Amino acid sequence: MMIAAGVEGRGPAAPAAPRPRPIVIAHRGASALRPEHTLAAYAKGIADGADHIEPDLVVTKDGVLVVRHENNIVETTDVARRPEFAGRRTSKTVDGKVETGWFVEDFTLAELKTLRAVERLGQVRSESRGYDGQFQLLSFEEVIDFVAAEAAARGRTIGIVPELKHSTYFAGIGLPLEDRFLATLAAHDYTRRNPVEVQSFEVANLRYLRRKLGRPANIRLAQLVAEGPIRPADVAAAGGSLTFGEMVTPAGLREMARYADVVAPPVRSVIPLGPDGRLGQPRTLVADAHAAGLQVHIWTFRPENHFIAADFRDAAGEGARNAAGSIAEMQRYLATGIDGIFTDDPALGRAAIDGM
Numbered sequence: 306m307m308i309a310a311g312v313e314g315r316g317p318a319a320p321a322a323p324r325p326r327p328i329v330i331a332h333r334g335a336s337a338l339r340p341e342h343t344l345a346a347y348a349k350g351i352a353d354g355a356d357h358i359e360p361d362l363v364v365t366k367d368g369v370l371v372v373r374h375e376n377n378i379v380e381t382t383d384v385a386r387r388p389e390f391a392g393r394r395t396s397k398t399v400d401g402k403v404e405t406g407w408f409v410e411d412f413t414l415a416e417l418k419t420l421r422a423v424e425r426l427g428q429v430r431s432e433s434r435g436y437d438g439q440f441q442l443l444s445f446e447e448v449i450d451f452v453a454a455e456a457a458a459r460g461r462t463i464g465i466v467p468e469l470k471h472s473t474y475f476a477g478i479g480l481p482l483e484d485r486f487l488a489t490l491a492a493h494d495y496t497r498r499n500p501v502e503v504q505s506f507e508v509a510n511l512r513y514l515r516r517k518l519g520r521p522a523n524i525r526l527a528q529l530v531a532e533g534p535i536r537p538a539d540v541a542a543a544g545g546s547l548t549f550g551e552m553v554t555p556a557g558l559r560e561m562a563r564y565a566d567v568v569a570p571p572v573r574s575v576i577p578l579g580p581d582g583r584l585g586q587p588r589t590l591v592a593d594a595h596a597a598g599l600q601v602h603i604w605t606f607r608p609e610n611h612f613i614a615a616d617f618r619d620a621a622g623e624g625a626r627n628a629a630g631s632i633a634e635m636q637r638y639l640a641t642g643i644d645g646i647f648t649d650d651p652a653l654g655r656a657a658i659d660g661m
């Protein structure tokens, strides 16, 4: 007699459960349209349909977690135009790179609050540049309160995807991030109950958080990875040899799944560009990560031609906004089975997913 497909003698195999819809993460807020990491950027990202918003975390001289992409604030604030802080311009080595500018750890929160945010990519983001000087820098607690208020007003859950920046560097100057971060999560009802996905390019801090947190239902840990033979900053500082390239092999992903829930690679690690700037063949990273039990959230989609694969650019010029091209590019990546996208323009990310 003929046996139906599936395990012999057990009848047809049950259909696989459909994967949840991918999530849209507002990268630093709607940072293509408003200066990054401001209330305006987060408000716009939420209004445009982001499931989660992303605050990057650094720490002030007086030990307060604040939201900036880097501890060097020369490109994202008006500090260089403030004569009262001219004497704090300095050079430091952060994660092995020498940088010159003004650094959050040399300011108190009260001092940072006197500064105003500016657009980092003002040459191509004129709409965002129009908001220069309007918005304060934010503490992490202010962001949590804002997200909680938006969630209550809109009647929907909004997740928070914080990234711990430069953990080894900050620990080395006596301002470790991790326990401050955990205390902040514990102090807010919103983050005790709603989705939080903690990211880092370092490894030891995520392992530490896993030991401290266990596996609460609302918190995931995401291992950010760069492409190629680059070592995470903590590995390099400790004299280790592990590279991001090794971390995204099948064996590396299985090890990652011991402490993380998500792997977060750059977009071109999933589908690389060919010599002509067009998309090549997808790599096996998504399938390998899923086989290891990890979700895949990729970064970062930007809506200007300069950042879009050549397949999808239009004739408007390198710096021009290209909404249709960005949506089409995201959909090519979504077809690989990724679980989430970081985008500077959440409305386009929402359109890409809804249009699949």
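Here the sequence shown stands for residues 306 to 661, numbered as in my numbering.
Think of the CB as a built atom: it goes at the ideal place given N, C-alpha and C, for glycine as much as any other residue.
For clarity, every value in this text was computed on a predicted model and none was experimentally measured.
DSSP, reduced to helix, strand and coil, places Asp361 within a strand of the structure shown.
Cβ-Cβ separation between Val329 and Gly630: approximately 18 Å, too far for a contact (criterion under 8 Å).
In this structure, the CA atom of Glu507 is about 18 Å from the CA atom of Gly479. Bounds of the alpha helix (DSSP H) holding Val452 are 445-459. A Cβ-Cβ separation of about 18 Å leaves Pro360 out of contact with Tyr436 under the 8 Å criterion. In this model, Arg516 and Val530 are separated by some 21 Å (Cα to Cα). Counting other Cβ atoms within 10 Å of its Cβ, Thr589 stays below 16 and is therefore classed as exposed. Its Cα nearest to that of Thr395, the residue Val379 stands out among Gly624, Val379, Gly401. Within a 10 Å sphere around the beta-carbon of Lys402 sit fewer than 16 other beta-carbons, which makes this residue exposed. Within the segment 581-619, the complete beta strand (DSSP E) segments at least 3 residues long are 600-606, listed from N- to C-terminus. Spatial neighbours of Asp649 in its own chain (CB-CB distance under 6 Å, excluding positions within 5 residues in sequence) are listed in chain order as His332, Ser336, Ala337, Arg607. The beta-carbon distance between Ser505 and Glu532, rounded to whole angstroms, is 17 Å. This is too long to meet the 8 Å contact definition. Here Ile643 is near Pro327, since their CB atoms are less than 8 Å apart. Using a Cβ distance threshold of 8 Å, Ala538 and Asp400 count as a contacting pair. Inter-segment contact for the segment 352-366 and the segment 619-637 is absent: fewer than three beta-carbon pairs are separated by less than 8 Å.
Beta-bridge analysis with DSSP links Thr648 to Ala331, Phe606.
Its Cα nearest to that of Ile535, the residue Val553 stands out among Arg520, Ala522, Val553, Pro521. Between the beta-carbon of Leu370 and that of Thr473 there is about 17 Å, and that puts the pair past the 8 Å contact cut. Here Leu547 has Val540 as same chain residues with Cβ atoms under 6 Å from its own Cβ, once five neighbours each way along the sequence are excluded.
Its Cα nearest to that of Asp411, the residue Asn377 stands out among Asp484, Asn377, Pro521. Of the other Cβ atoms in all chains shown, fewer than 16 fall within 10 Å of the Cβ of Met661; this residue is therefore exposed.
If you draw a straight line from the Cα of Val466 to the Cα of Pro577, it comes to about 25 Å. Residue state for Ala640 is assigned as coil, using DSSP reduced to three classes. As a beta-bridge residue in DSSP terms, Leu529 pairs with Ala569. Between Arg373 and Leu420 a beta carbon distance of about 10 Å is seen, past the 8 Å cut, so the two are scored as non-contacting.
For Glu502, the uninterrupted beta strand (DSSP E) segment begins and ends at 501-505.
Only buried fits Asp593, as 16 or more other CB atoms lie within 10 angstroms of its CB. Taking C-beta atoms as the reference points, Ile449 and Tyr513 fail to come closer than 8 Å.
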